[in-house]
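Number of protein chains: 4
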Amino acid sequence: MRVLVWGENVHETRDERVRRIYPDGMHEHIAAALRGLVPAADVRTATLQQPEHGLAAEALGGADVLVWWSHIAADDVADEVAERVRREVLGGMGLVVLHSAHLSKPFRLLMGTSCNLRWREDEDRELIWTVDPGHPIARGVPSPISLDRHEMYGEVFDIPAPDELVFISNFSGGEVFRSGCCFRRGAGRIFYFSPGHETVGVYHHPSIQRVLANAVSWAAAPRVELVELRESTWSPSGWYEGART
Amino acid sequence: MRVLVWGENVHETRDERVRRIYPDGMHEHIAAALRGLVPAADVRTATLQQPEHGLAAEALGGADVLVWWSHIAADDVADEVAERVRREVLGGMGLVVLHSAHLSKPFRLLMGTSCNLRWREDEDRELIWTVDPGHPIARGVPSPISLDRHEMYGEVFDIPAPDELVFISNFSGGEVFRSGCCFRRGAGRIFYFSPGHETVGVYHHPSIQRVLANAVSWAAAPRVELVELRESTWSPSGWYEGART
Amino acid sequence: MRVLVWGENVHETRDERVRRIYPDGMHEHIAAALRGLVPAADVRTATLQQPEHGLAAEALGGADVLVWWSHIAADDVADEVAERVRREVLGGMGLVVLHSAHLSKPFRLLMGTSCNLRWREDEDRELIWTVDPGHPIARGVPSPISLDRHEMYGEVFDIPAPDELVFISNFSGGEVFRSGCCFRRGAGRIFYFSPGHETVGVYHHPSIQRVLANAVSWAAAPRVELVELRESTWSPSGWYEGART
Amino acid sequence: MRVLVWGENVHETRDERVRRIYPDGMHEHIAAALRGLVPAADVRTATLQQPEHGLAAEALGGADVLVWWSHIAADDVADEVAERVRREVLGGMGLVVLHSAHLSKPFRLLMGTSCNLRWREDEDRELIWTVDPGHPIARGVPSPISLDRHEMYGEVFDIPAPDELVFISNFSGGEVFRSGCCFRRGAGRIFYFSPGHETVGVYHHPSIQRVLANAVSWAAAPRVELVELRESTWSPSGWYEGART
Chain A
75 MRVLVWGENV HETRDERVRR IYPDGMHEHI AAALRGLVPA ADVRTATLQQ PEHGLAAEAL
135 GGADVLVWWS HIAADDVADE VAERVRREVL GGMGLVVLHS AHLSKPFRLL MGTSCNLRWR
195 EDEDRELIWT VDPGHPIARG VPSPISLDRH EMYGEVFDIP APDELVFISN FSGGEVFRSG
255 CCFRRGAGRI FYFSPGHETV GVYHHPSIQR VLANAVSWAA APRVELVELR ESTWSPSGWY
315 EGART
Chain B
75 MRVLVWGENV HETRDERVRR IYPDGMHEHI AAALRGLVPA ADVRTATLQQ PEHGLAAEAL
135 GGADVLVWWS HIAADDVADE VAERVRREVL GGMGLVVLHS AHLSKPFRLL MGTSCNLRWR
195 EDEDRELIWT VDPGHPIARG VPSPISLDRH EMYGEVFDIP APDELVFISN FSGGEVFRSG
255 CCFRRGAGRI FYFSPGHETV GVYHHPSIQR VLANAVSWAA APRVELVELR ESTWSPSGWY
315 EGART
Chain C
75 MRVLVWGENV HETRDERVRR IYPDGMHEHI AAALRGLVPA ADVRTATLQQ PEHGLAAEAL
135 GGADVLVWWS HIAADDVADE VAERVRREVL GGMGLVVLHS AHLSKPFRLL MGTSCNLRWR
195 EDEDRELIWT VDPGHPIARG VPSPISLDRH EMYGEVFDIP APDELVFISN FSGGEVFRSG
255 CCFRRGAGRI FYFSPGHETV GVYHHPSIQR VLANAVSWAA APRVELVELR ESTWSPSGWY
315 EGART
Chain D
75 MRVLVWGENV HETRDERVRR IYPDGMHEHI AAALRGLVPA ADVRTATLQQ PEHGLAAEAL
135 GGADVLVWWS HIAADDVADE VAERVRREVL GGMGLVVLHS AHLSKPFRLL MGTSCNLRWR
195 EDEDRELIWT VDPGHPIARG VPSPISLDRH EMYGEVFDIP APDELVFISN FSGGEVFRSG
255 CCFRRGAGRI FYFSPGHETV GVYHHPSIQR VLANAVSWAA APRVELVELR ESTWSPSGWY
315 EGART
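Each protein sequence line maps, in turn, to chains A, B, C and D. The first sequence begins at 75 in the numbering used here and counts up one residue at a time. The second sequence begins at 75 in the numbering used here and counts up one residue at a time. The third sequence begins at 75 in the numbering used here and counts up one residue at a time. The fourth sequence begins at 75 in the numbering used here and counts up one residue at a time.
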């Protein structure tokens with residue numbers, strides 16, 4: 075399994091608090107966690123600042139799953155790169171969308187809705203409950219996962235109804251949020267997972283790392299031929315039961 | 075629209091607290107609220123203690139929507155009556171299932187799962203958030219509805235994934251719950267709504283009453299022929315565009 | 075109910091066959107059918123050739139449902155108009171997407187997928203089967219509707235899994251197609267219905283007209299406030315059961 | 075992976091045509107095919123005629139997936155065994171339901187609907203189209219699979235909307251059918267697959283065998299604790315980001 079962890083890599087270079095939590099950048103931190111938990115995976119990283127944001131056709135084509143964290147620079151991603159990501163997902167590449175990347179271009183293109191939500195940066199405690207205990211992404215994950223302090227993300231979250239809903243969060247300020255949502259688009263699988271505010275060390279949490287590892291395994295799938303608009307020319311190759319009995 | 079409100083009518087006769095809140099029984103209280111909010115509706119009531127629980131074939135056949143509250147006596151409902159309710163729902167009758175009726179026989183028969191959940195009778199404050207603001211059941215309903223004190227119902231709620239998820243609740247004790255869930259089964263529409271513990275006057279709450287009225291309007295539908303197992307004998311009545319242009 | 079029927083209006087002006095079937099244009103023909111079947115509706119029309127394609131902010135803002143037929147000129151629709159349609163749908167406007175408008179800009183923006191499919195313009199007979207007999211869009215519609223000759227649209231149809239699947243078509247050439255699909259996006263309801271090739275008079279068919287009328291009624295809904303990204307500032311207005319009992 | 079293939083084993087003992095096609099019984103034939111295609115699987119069989127139909131608690135508890143074919147003797151399955159199967163599925167056991175087993179007790183208990191459909195035993199040719207090309211059950215399966223002659227199963231198929239729809243069939247007589255349907259119930263995964271009439275050798279077809287092998291792999295999952303109704307007693311084990319950074 076080949077995993078590509080993409081990071082915006084902006085807060086880490088500007089904000090001392092973030093650099094202290096993630097000295098090598100959030101993308102490198104997440105990549106290291108995945109290497110530990112999914113030993114069979116070949117995990118690489120890419121960032122906004124690289125040519126084509128590190129998402130040239132070959133890089134994307136070689137990935138089974140793309141993990142995406144972005145926030146303040148979401149709109150700096152080139153439209154053609156966002157569109158390339160969308161096409162790769164439709165062709166079967168998995169996509170794991172983290173936290174404020176609900177507003178990233180690829181996710182919004184794939185959802186079709188605004189992907190807006192309510193938020194509050196305060197002292198909320200977040201509890202992440204599993205609502206689908208048999209789901210592979212929930213395997214080995216305690217319910218709830220408790221985050222002592224985390225940015226509040228609250229409903230309404232303007233997304234299409236998820237194809238599978240795995241986690242719902244409770245915030246001590248009173249809100250709720252669909253914090254773990256699966257979508258299938260084309261041949262691709264998409265998982266949105268809301269934890270991950272840059273100024274708290276959520277990606278150090280062992281259970282959050284477990285969710286990421288599970289999500290990557292769930293989302294990985296072989297590519298299939300993209301569905302193209304085409305004139306139909308199939309011809310049935312008949313099969314007669316008499317021939318084989 | 076013809077609505078039949080069914081009440082177990084047991085707590086009201088045994089528990090002074092409940093009688094004080096609902097002097098005429100929960101079913102009569104809910105029926106009165108619906109009469110006020112859905113003037114076009116013909117709203118009747120029935121209870122466990124009546125012959126066939128007030129759910130003889132004619133009574134059910136004449137209902138567009140059945141509202142169901144039960145708790146302690148859920149298992150006292152006769153199997154053949156529960157099965158009759160199931161068949162009517164499949165044929166198009168709406169069903170609004172309230173609070174502890176998640177364990178009622180008709181709901182469990184229709185869901186196929188255990189319908190179990192976590193619960194705690196304590197001092198929790200419940201906040202009921204709308205997650206689908208365009209849904210007809212959420213129309214005119216503030217988000218959140220705030221209940222100062224209510225029994226906690228928490229995930230995992232063992233139901234099939236709802237066809238439409240309208241409300242999610244936050245409890246001050248930390249839990250979350252899918253508190254407003256739509257299901258379509260056969261030609262029938264089912265709405266499960268969790269508020270309604272017997273010892274607090276939730277059904278006096280104007281916004282809760284608004285949800286009930288919306289739910290009844292949403293669930294009402296004309297009956298259709300039940301799907302029967304049958305040998306196919308259709309014959310196409312051809313239609314040629316030339317004939318009409 | 076205010077309905078706006080939008081037609082590309084290109085084939086009608088170029089192709090004698092189409093003009094003979096729809097002398098006033100497909101949009102006027104569909105509008106007239108809706109006026110007959112939904113008497114309470116105020117039905118207007120708009121076309122590609124008008125300023126802003128007849129879809130200025132006021133026109134769209136005043137519509138409860140937009141019906142859209144397009145084909146050869148799908149890409150001539152201005153991006154900002156397509157985006158405006160998308161926003162109105164998210165805010166609650168219904169959208170009925172017909173036939174080759176599976177490739178229209180608004181539908182593709184809302185779906186996020188390619189919306190591609192297989193096709194064949196030949197002598198196929200199409201049979202449109204109801205798979206959800208209780209659905210309001212199927213009310214009064216025979217199953218199957220038989221079209222003696224129609225363009226084949228076949229799977230794979232690259233759309234997100236529909237929130238509700240109403241019709242599936244059988245083609246005599248051997249293919250199948252999900253020909254009636256409901257989607258909910260934001261507060262809006264979208265219905266895709268595949269019949270409607272321009273060179274056969276499908277929109278003269280009484281049962282096809284019945285589907286259009288049902289779809290318009292199903293998709294119409296009041297606008298709700300668009301979900302915006304915003305800092306949360308709610309404060310609970312407590313409700314105490316004691317106050318009302 | 076441990077697979078248990080359950081066969082009713084009645085037609086095989088009474089009907090010379092069936093015995094000729096499946097000399098060792100349909101269950102043994104299917105088991106042999108699975109052994110060939112899923113080498114890592116431990117595949118066993120059980121039949122109606124065995125004590126507890128071969129489905130004692132230990133046998134079921136030891137299975138990751140149960141494959142079920144039944145027809146004429148569906149109602150001879152003991153209610154307590156059907157209920158045991160239901161509970162095991164809710165706890166995580168996969169279930170693959172074949173052909174006329176749409177009327178089997180376990181499937182009907184899990185669905186909650188009648189599971190009725192239209193049928194015709196005639197000379198129809200069935201074409202099974204993939205509508206979800208990225209689905210693991212469709213991997214390596216040609217689209218369409220062509221069956222020269224097969225019993226017609228047609229819509230309306232009275233099931234809850236499938237959580238994932240993989241295959242739709244076209245019959246030369248004109249009907250359509252959702253022939254490959256995934257459901258998630260509790261922690262279990264259920265796949266219904268309609269091919270398999272006893273008098274034609276469908277389970278000799280290599281592509282049908284491929285679907286069965288894919289389905290078994292898709293449905294297998296570790297057991298999880300059944301969701302029980304219980305008083306909530308969780309206590310959060312706080313996690314503070316500072317502790318690890």
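Virtual Cβ for every residue (Gly too), placed ideally from N, Cα, C. Note that the structure is a prediction, hence the values are computed from the model and not measured.
So is residue i in contact with chain C if we call contact Cβ pairs under 8 Å?
i	result
A:T187	yes
B:A289	no
D:R158	no
B:G254	no
D:V274	no
A:V301	yes
B:A235	no
A:R259	yes
B:A295	yes
Check whether the Cβ of residue i lies closer than 8 Å to any Cβ atom in chain D.
i	result
B:D138	no
B:W193	yes
A:G166	yes
C:E225	no
A:V298	yes
A:P207	yes
B:R304	yes
If we cut at 8 Å on Cβ distances, does residue i have a partner in chain A?
i	result
D:R93	no
B:N190	no
Does the distance from the C-beta atom of residue i to that of residue j stay below 8 Å?
i	j	result
C:R252	C:P269	no
B:L108	B:A115	yes
A:E157	A:L122	no
B:S188	D:V301	yes
D:V92	D:E272	yes
B:I146	B:H224	no
C:V171	C:S178	yes
B:L183	B:R160	yes
C:T190	A:L303	The amino acid occupying residue 190 of chain C in the given sequence is Asn; Thr does not appear at that position. Their beta carbons are under 8 Å apart, which means C:N190 touches A:L303 by this criterion.
B:L278	B:E238	Checking the sequence shown, residue 278 of chain B turns out to be His, not Leu. Not in contact: B:H278 and B:E238 (Cβ atoms no closer than 8 Å).
B:A120	B:W80	yes
Just checking residue i against the ligand FAD - is the residue's beta carbon closer than 7 Å to any of the ligand's heavy atoms?
i	result
C:M185	No copy of the ligand FAD appears in this structure; indeed no ligand is present at all.
8 Å is my cut-off, CB to CB: does residue i come that close to chain B?
i	result
D:M100	no
D:L184	yes
D:E249	yes
A:E229	yes
D:Y314	Note that D:Y314 has pLDDT 47, beneath the 50 cutoff, so the model's placement of it is unreliable and the number below is only indicative. Chain B, which has no Cβ nearer than 8 Å to the Cβ of D:Y314, makes this no.
Thinking residue i and residue j are a contact (beta carbons under 8 Å), I'd like their distance in whole angstroms, please.
i	j	result
B:N286	B:I104	Per the sequence presented here, residue 286 of chain B reads as Leu, with Asn not at that position. So it is a contact: roughly 7 Å between Cβ atoms.
A:I282	A:G254	Wrong, their Cβ atoms sit about 11 Å apart, outside the cutoff.
C:P234	A:P234	7 Å
Problem set entry | Secondary structure, beta strand (DSSP E): runs of 3+ residues fully inside the segment 88-169 of chain A | 116-121, 139-143
Exercise. Just checking, does the segment 214-229 of chain D make contact with the segment 83-98 of chain C on the three C-beta pairs under 8 Å criterion?
Worked result: Cβ pair count under 8 Å is below three, so no.
Exercise. Does the segment 192-199 of chain C come close enough to the segment 202-212 of chain D that 3 or more CB-CB pairs lie under 8 Å?
Worked result: no
Exercise. Where in the segment 189-269 of chain C do unbroken runs of the beta strand (DSSP E), each at least 3 residues long, occur, reported from the N-terminal end onward?
Worked result: 192-194, 200-204, 219-221, 226-228, 238-245, 250-259, 262-267
Exercise. Would the segment 246-264 of chain B and the segment 160-170 of chain B be scored as touching if the rule is three or more Cβ pairs under 8 Å?
Worked result: In this structure the segment 246-264 of chain B lies against the segment 160-170 of chain B, because at least three pairs of beta carbons, one per stretch, are closer than 8 Å.
For this session: Mind the definition here: the segment 176-195 of chain C touches the segment 285-302 of chain C only if three or more C-beta pairs lie below 8 Å; say whether that holds.
Result: no
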